[in-house]
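Report on the following structure.
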Amino acid sequence: MAPVPPWVKKLRPAEPLGSQLLDAERAKSSIPVDKLTLFLYGQEFIDIKAKILKILQAEPLFDKSQNYFQGRVERWEKSLARAKRLRQLAVEHDWSLEDHNVAVDLIAEPIPYMLHGTMFLLTLFSQCSDEQGAKYFMRAMDYKIIGCYAQTELGHGSNVKGLETTATWNSDDKTFTIHSPTLTASKWWIGTLGRTANHAVVMAQLIVNGKNHGPHPFIVKIRDMKTHQPLENIHVGDVGPKIGYNTMDNGFLLFNNHKVPHEAMLAKFSSVDPETNQYVPPKSAAQVYGTMTWVRSTIVWQSGGYLARGVTIAVRYCAVRRQFKDEEAPDSQKGETQVLDYSMVAYRLLPLLAACYALHFTGKIMMDMYQQKQGLLTDSTSKQEQEFAIAELADLHATSCGLKSLASTTTADGLETSRRACGGHGYSSFSGIGDVSTNYLPNVTWEGDNYMLTQQVARYLIKTARSVMDGAPITNDTTKIFSYYQSRAEIGAAFDVLGSDTDLVAAFAWRSAYLSFDAMRQRDEAKKPWNDLLVDFYRLSKAHSQYFIVKNFYDTLVTEDPENALDDDTKGIMYLLFRLYALHTLESEANEFFTSSALTVHQITLCRATVMRLLKEIRPHAVTLVDAWDFPDFQLDSSLGRKDGDVYSDMFYRASELNPLNDLTADPYPDSPVIVKSRL
Amino acid sequence: MPDFTDSLKPQYDGQAILEAERNRSPIQVHELSKHLLSRNNFLERQSKIVSILQNDPLFSKRNQLNMSRPDRFHVGLARNKKLRRLAKQYAWDLEDYKMAEYLTDEMSPYHLQHGMFATSVFQQSSDEQRAEWLPAVRDFKVLGCYAQTELGHGSNVRGVEATATYDLKAQQWVLHSPTLTASKWWNGALGRVATHAVVIAQLQIPKKEGTGYDSHGPHQFLCRIRDEKTHQPLDGIVIGDIGPKYGYASMDNGYMLFDNFRIPHSALLCRYSKVDPKTGAFQRQGHPAIVYGTLTATRGAIILNARLVLARAVTIAIRYTSIRRQFQDRDAETSSQEVAVLDYPTVQIRLLPLLATSLALHYTGEAVSDHFKKSAAKIENGDFSALAEMHALSSGLKSLCTQYAADGIETCRRSMGGHGFHGASGLVGINSDYLSKPTVEGDNWMITQQVASYLIKKMDEVVTNTAGKSKDTVVGQFQSFLTAKKPFYTLFQGSEINAKEILNAFEWRSAYLSHEAYQARIVQKKSWTSLLIQLHKLSRAYSEMVLVTNFFNAIQSSNLSIETAKVIEQCFYLYALYTIDNDPRSFSTTGAVADASMDALPDHILDIMSQIRPHAVKLVDAWAIPDYLLNSALGRYDGKVYEDLFHRAHHENPLNKTTFNPHWEDEEIVLGSGDGGKILSKL
């Protein structure tokens, strides 16, 4: 860069400065930010984050200042270097898995080792026989082999049964032949596969004696351990640039009749007996659900935090940014109005702020439930207890599908809403929202497309509605709310949603039950084709998931947690957020609340007025409520969302002193073929 | 390099599937294309230009998404230069040139030359100034940019901080940036390319007596900013590129600061404001709102563009979801084939209303551009009576249409499942480039106030009977609204849909909400800020009414063949009914639509979608978007989706040319290169 002249160095942003505005915001809110942070994360996590952040910030390799300027190949190479350094640090400091995850979160880019550390290790851990565990899992734990999880194909996503890759058992030499019969059978999208992995867990249709037993996992060495070149008859590479996630080498993989030994099939649950050449099937199907439920619950749990990054940036910037003068504002507000004071900015951002909290609490409850139920599936519990746990896991599986769909859609859309709320500057990479947003986007289509997935919820709810109609006993929350609905079907119900928080939750339960019974009748009585009902199912799944989120938000607030208790003032503000989330959702879905006779038109009109009042009540706390998420500036990498509010100086600094484009002087005239006249 | 993958075929033959789709619909694609794209010889122009560009290696798009920003800019500038030379070589007119820009599909430095820069020089210059500047602008001797927005100031022009102070003695203007937030910011072509700029600054003249200045608000000044020879910024100016953005990689949006930089008296563009060089006397002539004229014209172009952008996204999504198969039908007999994704109503409800929306935007775009043309001529002749309505209409439509398109691209992308995330979807560039539109040229949420305030004013005139003989259409609507009771229109008789009643319902809702806003503001005197959300909804309702009306009028006078006209009519119903279903409460509480009709909506929508479905591929074919522009494996005309996806990954991907060292203990990144530790120099 050309040196910045002294007269530019001297310039300051116009008053009032961003730091003054944010100071004032923080002074006018009574919320003790540290306490609220503790309530969100717990002390252990906060300590880990502080420890890891210190280490990362001291490492030059994790300096982010050129991230936004570089091309795909450069960024990927740098990310591999970061992944390596991260692993070295993990060994050096003896990091736990959680320590490592926190580090990745702070770096805030998907690193090439990521799928090795998650899906590859997880699959080996849960699917290896004991001998396989010793051979593969332990070496993978030490990064002696580097792997990926190869399920989806060029022509096949969510529908695992449709996979085309085959693994055919050869009884003569006791091997499997892995083969890709068509182009669409190519493995595709597989993270860490493109350039990094030397092993892959490959999902392939198992064929024994001509019979197809469905998809099964195989561990396959794909690259030479020395030269890192693909083995013969294996064709592997990176799939190319994407809308986001460009620091990850998502890969493709094709097999041309590639032979692997008997031990390649991961044999914890099912196997091929080499003596008899017979297929040995698994004892229970629940284990397969297990991983998917865990993955989806994780998406739900993380959605709140991802959304909070965008909302943090937007709320801080909208408190700093001022535009137009509100002619009717009191004299105490001089000059242009803070953008966050405009009701239509608050109307877009504050419900999202409430959604961050709502999603976070629901995710936490789901993860706890999963761990608790999964914990019952051990040898030390009785058979009855295990069956009970498996039934509950099936319940959780359905819930996780609906919530995954709703939560990731809310976050993906919410990030873009936050970006647009920043006005023109939201379009600059320095806003910091762009990368979060584009890296987040695969969540809406992966691990079950957000629309396709909702069928599973509907199927489960319709089944439950049928059983309740047939007089089944109350065994869980869904049967409980359905039974209540059934008992009031002829009497009707009235919910005082503005006077009572429990009624507010109950109105969401009523709507979900109404839509479930309605779907059941469409299917059983009107005999409508499944396909024609998919749009209804989507709405049903959304309604049920919204109920679940509203209920969990409320439960979190009424449950006393003596360790991380909130003071009454802050608790009061959390109740405002709860009501804002619930009533804003209710207002957006007003038609269904009306059709299901949960509410009258007059009540709905009053809800809208209440939402506007809640926005006003929450507004003074907006900045402290985002501060509580405690994102370090290092993680946000944003000019607009800086904690100190020094938005404009930082924008200008990045543009004028970090920007490599300014090193070149262009020849601008069309008739001259010269592009660059000179370079610094 | 040949390998075993060369002989592999996909499981499903996309080419055969699209052929079958095309064979089962009677729509005459060419007829419909001509119907949609005849304005300014669009179709002929497109095929003429595309044949030149797609054979020129400089315009190949294959490696674009892998490039770093400086490289993208580099290529962008090279392409711009080439375009200019091609324009000379083939004697392109301005429309040809714009077509070429549209087909290359990137926002590059020269874009502003014909756009904001030239328009603004033309509109604001006196006749002498036009004679002095316009030829040089036309010949690209003067390369310009339009420097209005600042680091701390966007939509609010009155808030700009840069000042232009008149020095009476020297007869010069002194441009100055008093703070950091006064830095010009976002201005396209400024960063690395422009030699000149139209600078918007607060015009100040020293008071006749005493100290201080008389301030006359923002004005436009045209001046040189870089040296003619070295292309370095002139003394007293600091300029640069503002850095990477969500999209617009090849555009050098810039920043610029002035340190008491002097320019001649003649730099003030003085068609509407004059300053006497000797006395400093300031004089306005003409309509002050004319400063917004440039902005309004740009908005018109944005609306027209929105339809093609949306059509492009829909084209890709419809073709790919016709080919893509997933899961078997749950009600089907065993062992049937997987279902085409577009046959799922959950996919249809996302894509087919957007297909209908692209047509809705088209008919309104046509109607409005005629309207703008007429009004612009009037303003040029000093008649400003049309300006208020034009500005209001353009604001509401800009907000709604760009939101449709921006959200629609992302909806299309997600409807394609995982592959929509891939660069080869063809939606990555368009998505991130188009996302500037909802906030550029007036933020979509802020500018809806302009429509609302116009409607409230009109309602006030009608209520107080002071509208006189106004020819505005809303006046008539408001007058009949005030004398009627809630109509609760019935939209359906059995399976029949009543188009006229749909139209009535939209008009009623718009008038009702206008009246509600009028009540709140004028009668109850509520504060403006407290009403903003309500006003935003009003703007949307009004603009939707405009879209439905223009669509309705177009199908009344359609000269398409019967089968095609029938499908277009279904699209009208789909757009209108889907819009109602999206905001059902505002149609029922205003009394616009009867409850029974509201209840019947979802079934009618499903039914219409099933009727449009067989024609979906041909309907998007009619938008005639060339493969070169689509640049999409998923949306290719010939349906060779999987072949192309694989080809791009396997043969065109530079990452696959390098073998990396994956082991964490080794600092080396590229295997065998010994580059351990060198990566730090790239940080």
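Respectively, the protein sequence lines represent chains A and B. Residue numbering for the first sequence follows UniProt numbering, starting at 1 and increasing by one per position. Residue numbering for the second sequence follows UniProt numbering, starting at 1 and increasing by one per position. Built from N, CA and C at the ideal position, the CB exists for glycine as well. Here the structure is a predicted model, which means the values were calculated and not measured.
Presumed contact (8 angstroms Cβ cut-off) between residue i and residue j, rounded CB distance
{"i": "residue 253 (chain A)", "j": "residue 150 (chain A)", "result": "6 angstroms"}
{"i": "residue 168 (chain B)", "j": "residue 221 (chain B)", "result": "At roughly 17 angstroms, the Cβ-Cβ gap does not stay under 8 angstroms, so residue 168 (chain B) and residue 221 (chain B) are not in contact."}
{"i": "residue 129 (chain A)", "j": "residue 267 (chain A)", "result": "4 angstroms"}
{"i": "residue 82 (chain A)", "j": "residue 115 (chain A)", "result": "At roughly 15 angstroms, the Cβ-Cβ gap does not stay under 8 angstroms, so residue 82 (chain A) and residue 115 (chain A) are not in contact."}
{"i": "residue 193 (chain B)", "j": "residue 121 (chain B)", "result": "Actually they are not in contact, since the Cβ atoms of residue 193 (chain B) and residue 121 (chain B) sit about 17 angstroms apart, beyond 8 angstroms."}
{"i": "residue 539 (chain B)", "j": "residue 456 (chain B)", "result": "Between residue 456 (chain B) and residue 539 (chain B) the Cβ distance is about 11 angstroms, and since that is not below 8 angstroms, they are no contact."}
Residue(s) in a DSSP beta bridge with residue i
{"i": "residue 123 (chain B)", "result": "Note: residue 123 (chain B) sits in no beta bridge, so no partner."}
{"i": "residue 185 (chain B)", "result": "B:255"}
{"i": "residue 147 (chain B)", "result": "B:199"}
{"i": "residue 150 (chain A)", "result": "A:202"}
{"i": "residue 260 (chain A)", "result": "A:176"}
{"i": "residue 213 (chain B)", "result": "B:206"}
{"i": "residue 170 (chain A)", "result": "A:175"}
{"i": "residue 130 (chain B)", "result": "DSSP output for residue 130 (chain B) lists no bridge partner at all."}
{"i": "residue 496 (chain B)", "result": "B:493"}
{"i": "residue 670 (chain B)", "result": "B:660"}
Beta-carbon contacts of residue i that lie in its chain and below 8 angstroms, excluding the five residues immediately before and after
{"i": "residue 12 (chain A)", "result": "649"}
{"i": "residue 171 (chain A)", "result": "209 and 277"}
{"i": "residue 213 (chain B)", "result": "165, 204, 205, 206 and 207"}
{"i": "residue 93 (chain A)", "result": "55 and 99"}
Cβ-based neighbour list, residue i, same chain, cut-off 7 angstroms, excluding 5 preceding and 5 following
{"i": "residue 462 (chain A)", "result": "516, 519, 520 and 523"}
{"i": "residue 407 (chain B)", "result": "none"}
{"i": "residue 260 (chain B)", "result": "174, 176 and 236"}
{"i": "residue 416 (chain B)", "result": "317, 320, 321, 425 and 634"}
{"i": "residue 447 (chain B)", "result": "395, 398 and 399"}
Own chain, CB closer than 6 angstroms to residue i, minus 5 neighbours either side, in chain order
{"i": "residue 21 (chain B)", "result": "322 and 617"}
{"i": "residue 488 (chain B)", "result": "591 and 594"}
{"i": "residue 522 (chain B)", "result": "460"}
{"i": "residue 478 (chain A)", "result": "464"}
{"i": "residue 565 (chain B)", "result": "558"}
{"i": "residue 547 (chain A)", "result": "508, 509 and 512"}
{"i": "residue 216 (chain A)", "result": "206"}
{"i": "residue 110 (chain A)", "result": "245, 247 and 248"}
{"i": "residue 361 (chain B)", "result": "306, 307 and 401"}
From the options, residue whose alpha carbon lies closest to that of residue i
{"i": "residue 311 (chain A)", "options": "A:180, A:218, A:265 and A:411", "result": "A:411"}
{"i": "residue 198 (chain A)", "options": "A:241, A:213, A:146 and A:163", "result": "A:146"}
{"i": "residue 577 (chain A)", "options": "A:255, A:616 and A:496", "result": "A:616"}
{"i": "residue 575 (chain A)", "options": "A:505, A:98 and A:216", "result": "A:505"}
{"i": "residue 208 (chain B)", "options": "B:6, B:280, B:411 and B:676", "result": "B:280"}
{"i": "residue 36 (chain B)", "options": "B:113, B:16, B:304 and B:11", "result": "B:304"}
{"i": "residue 495 (chain B)", "options": "B:163, B:253 and B:600", "result": "B:600"}
{"i": "residue 82 (chain B)", "options": "B:64, B:69, B:93 and B:110", "result": "B:110"}
{"i": "residue 407 (chain A)", "options": "A:368, A:363, A:416 and A:393", "result": "A:363"}
{"i": "residue 13 (chain B)", "options": "B:97, B:102, B:325 and B:587", "result": "B:325"}
{"i": "residue 275 (chain B)", "options": "B:434, B:623, B:171 and B:356", "result": "B:171"}
{"i": "residue 8 (chain A)", "options": "B:239, B:508 and B:117", "result": "B:239"}
{"i": "residue 501 (chain A)", "options": "A:545, A:542, A:552 and A:534", "result": "A:552"}
Q. Which ranges does the alpha helix (DSSP H) cover as unbroken runs of at least 4 residues, wholly within the stretch 302-384 of chain B, from first to last along the chain?
A. 345-380
**Q.** beta strand (DSSP E) runs wholly inside the stretch 559-595 of chain A, at least 3 long, in chain order
**A.** none
Q. Quick one: complete alpha helix (DSSP H) runs, 4+ long, within the stretch 208-255 of chain A?
A. none
(Q) Which complete beta strand (DSSP E) runs does the stretch 584-610 of chain B hold, if anything under 3 residues is left out? (A) none
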